[in-house]
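> Sharing a structure below in structure tokens format, with a few things to ask.
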């Protein structure tokens, strides 16, 4: 059984997500794209019209007006806006997949915890951040072999691919990502750093993950674990690639005291599929891919639940 | 000759943190701050070299928390104002909040020269708390004057009381400084400042050029202690500005004594910035000055000339904060070298 959906926020993320749903959505049917500007002033709404998707231009009022058309809403606005919208979605009984850093619902990374989060009955799930989707799987892969005392991620994004939402939300990005490294990745402590790089041609989204672990950890086993998770992420983000496998930094390589620990440096790049923005915008791609992946799981589980419900009704 | 007033900001305890790999102790900071206060320095800036929140694997962990540094320095300051630095993307409003609570007078908010719009919240917060907010546009050699003006105007709109042109790579020539500063002074209604690095030997000269074009506040460090080859050497700057007739507050002898008697005994030889080949290459290739010591460590690990790494980073147009790419570039250069050597060995057979 498929699930009807709307996208709220026709910016970079929302528009990219629209193309992904239209291209390869399985159980998700896109019914409407909703913004706050007239169609002629919104590139994203214009794109929706061109693709034959219905649009709304009154923000949350459009959601209320058309709420009977869909069961699930992708929130692609900003953290502040989602905080205002979330209670409305709840009242309207709409499942919310939140792509902003508002994080009202639990952090969800498909390859790590999506099934568990969806099964636990939450009606609002949060996609952490683009940097979180890229780096949390690596921290989880290290942590399942050796306890990660501290994880730090550095995300470099081309200026071109960072819209006003990201720019106005930069603290939320670092705070949410750091929390995700801890709560989903399994690090005892997390820190996140983001830089925007205006170089032309634009840089590919690249990330560095540092994990601080005990010096006696089995590094070969960690490399194997990271390699396995790389393949699993590639199933929903084809352009995800580890460019530097976990490499050891010891006391000689740093100017601060490492105690009994070593640091593993892992680097990765995300190349977008290029549906809406060019391939360098892997930061958008990984968010929208993860959101679609999570929504498909919601559809699957609600289908299962209905099947069970159907039996008990008989 | 001029009688214009110039405000001097000493960053020995902030940009200088790069030179010591962020390892000043709170006690050392207190001593330096006391000497600068006695010398009637206008402002001292304290924090990790990469700003509050910079303590990390990527930039190096500091010897103490920002809280401990601020608590050590605040009691030493009487008339001298305390500034802290924040780079949005590295630190957050939470750090600003902590610093204001602990006695900061000025918050300086720095972004890459083309990315001012990530700083709006941070300016808003500082202004709400009633403090002076300064905007810093970093790596200003990477943008044309007109673009810099657009970004500076955003910071002005967000509430900045002054905007600084940061020559973070020490890559600007005096005429580049003049073009940029004069446009900002003409078009902004707030103060304009300048921040030099000495990688091309122009730290003092560029600062003078900026002041001649109307900048009214400028940065320096005792003995020039700062990233790369260091910043404008502040005791030299005090002497030069006195000779040029500027109206300045710091006491020349007091600042010289702070440098020679207080700071120098704390600094190891290999930490004291020099205009050597590696730091010259920063200015030439246009690379963020704090990459220097990280690049040297990577060069040693992979046995690559640090200058080669810096040239490559310059070509990639890396910006402040991308220190992790140093390792990436060094390991790639080492791979290319080893592949080349293997190919040569094979063709010899």
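Chains as they are written, first to last, in the working numbering: chain R, 1 to 314; chain A, 315 to 663.
The beta-carbon is built from N, C-alpha and C at its ideal position, and this holds for glycine as well.
(1) For residue 206/R, count neighbouring Cβ atoms within 10 angstroms of its own Cβ and tell me buried if that reaches 16, exposed if not.
(2) Measure the alpha-carbon distance for residue 68/R versus residue 459/A and round it to whole angstroms.
(3) If we define contact as Cβ-Cβ less than 8 Å, is residue 611/A a contact residue for chain D?
(4) If distances are taken between C-alpha atoms only, which option among 346/A, 648/A, 366/A and 367/A comes closest to residue 358/A?
(5) Which runs of the alpha helix (DSSP H) at least 4 residues long sit entirely within the stretch 178 to 264 of chain R? Give them in chain order.
(6) May I have the straight-line CA-CA distance separating residue 490/A from residue 523/A, to the nearest angstrom?
(7) Could you give the first and the last residue of the continuous alpha helix (DSSP H) run that contains residue 17/R?
(8) Locate the beta strand (DSSP E) running through residue 576/A, then write down its first and last residues.
(9) Can you give the Cα-Cα distance for residue 433/A and residue 652/A, rounded to whole angstroms?
(10) Short of 6 Å in beta carbon distance, which residues of its chain neighbour residue 134/R, apart from the five on each side in sequence? Order them along the chain.
(11) In three-state terms, what does DSSP make of residue 415/A?
(12) Since residue 518/A contacts residue 550/A with CB under 8 Å, what's their CB separation in whole angstroms?
(13) In this structure, how does DSSP classify residue 309/R when only helix, strand and coil are distinguished?
(14) Can you give the beta carbon distance from residue 410/A to residue 439/A, rounded, assuming they're within the 8 Å contact cut?
(15) Going by DSSP, what residue range makes up the alpha helix (DSSP H) through residue 496/A?
(16) Which value, in whole angstroms, describes the spacing of the CA atoms of residue 310/R and residue 637/A?
(17) In its own chain, which residues sit with a C-beta less than 6 Å from the C-beta of residue 469/A, not counting the 5 before and 5 after it?
(18) Residue 313/R to residue 29/R, Cα distance in whole Å?
(19) Is the number of C-beta pairs between the stretch 366 to 375 of chain A and the stretch 329 to 341 of chain A that are closer than 8 Å three or more?
(20) Excluding the 5 residues preceding and the 5 following residue 114/R in the sequence, name in chain order all residues of the same chain whose CB lies nearer than 6 Å to its CB.
(21) Closer than 7 Å: is that where the CB of residue 401/A sits relative to any heavy atom of the ligand COA?
(22) Name the chain A residues whose beta carbon is nearer than 8 Å to that of residue 214/R?
(23) Check the Cβ of residue 263/R against every Cβ in chain A and list those closer than 7 Å, keeping chain order.
(24) Return the residues of the stretch 142 to 163 of chain R that lie within a Cβ-Cβ distance of less than 7 Å from chain A, sorted by chain order.
(25) On the DSSP bridge list, what partners appear for residue 359/A?
(26) Under the rule that 16 or more other beta-carbon atoms within 10 Å means buried, what is residue 360/A, buried or exposed?
(27) Around the C-beta of residue 172/R, are 16 or more other C-beta atoms found within 10 angstroms, so that it is buried, or is it exposed?
(28) Buried or exposed: residue 175/R, going by 16 or more other Cβ atoms within 10 Å of its Cβ?
(29) Strictly under 8 Å for the Cβ-Cβ distance: is residue 702/A near chain R by that measure?
(30) What residue from 343/A, 406/A and 610/A has the CA that sits closest to residue 324/A's CA?
(31) When we look at the beta-carbon of residue 227/R and count the other beta-carbons within 10 Å, is it buried (16 or more) or exposed?
(32) For residue 507/A and residue 617/A, what's the separation of their Cα atoms in angstroms?
(33) For residue 561/A and residue 317/A, which I take to be in contact (beta-carbon distance under 8 Å), what is that distance rounded to the nearest angstrom?
(34) I want to know whether the stretch 255 to 263 of chain R touches the stretch 233 to 245 of chain R - three or more CB-CB distances under 8 Å.
(35) Compute the distance between the beta-carbons of residue 539/A and residue 495/A, then report whether it is under 8 Å.
(36) Classify residue 676/A: buried if its beta carbon has 16 or more other beta carbons within 10 angstroms, exposed otherwise.
If we stick to the structure as given:
(1) buried
(2) 54 Å
(3) This model lacks chain D altogether, as its protein chains are R and A.
(4) The option with the nearest alpha carbon to residue 358/A is 346/A.
(5) 219 to 234
(6) 10 Å
(7) Counting along the chain, the alpha helix (DSSP H) containing residue 17/R begins and ends at 12 to 24.
(8) Careful: residue 576/A lies outside any beta strand (DSSP E) and carries neither H nor E.
(9) 44 Å
(10) 207, 270 and 286
(11) helix
(12) 6 Å
(13) With a pLDDT of 45 at residue 309/R, under the threshold of 50, the predicted position of this residue should be treated as unreliable, though the coordinate-derived value follows. Helix.
(14) 6 Å
(15) It spans 488 to 501 - the alpha helix (DSSP H) in which residue 496/A sits, taken as one unbroken run.
(16) Summary for residue 310/R: the model assigns pLDDT 42, below 50, so the residue's position carries little reliability, and this model does not support an answer.
(17) Excluding positions up to five away in sequence, the list reads 430, 449 and 477.
(18) Reliability fails at residue 313/R, whose pLDDT of 39 lies under 50, so the model's placement of it is uncertain and the value that follows must be treated cautiously. Going by the C-alpha atoms only, they are around 27 Å apart.
(19) In short, these stretches touch, since the Cβ pair count reaches three.
(20) Cβ neighbours of residue 114/R within its own chain (closer than 6 Å, five residues either side excluded): 108, 294 and 297.
(21) This structure lacks the ligand COA; in fact it carries no ligand of any kind.
(22) By Cβ distance, chain A contributes nothing, its closest Cβ being about 16 Å from residue 214/R, past 8 Å.
(23) 371
(24) If the cut-off is 7 Å between Cβ atoms, the stretch 142 to 163 of chain R has 152, 154, 156 and 159 near chain A.
(25) 397/A
(26) buried
(27) buried
(28) By the neighbour-count rule (16 or more Cβ atoms within 10 Å), residue 175/R is buried.
(29) With chain A covering only 315 through 663, there is no way to say anything about residue 702/A.
(30) 343/A
(31) exposed
(32) 40 Å
(33) 5 Å
(34) no
(35) No, these two residues do not count as a Cβ contact at 8 Å.
(36) What the structure shows of chain A is the stretch from 315 to 663, and residue 676/A is not part of that stretch, so it cannot be assessed.
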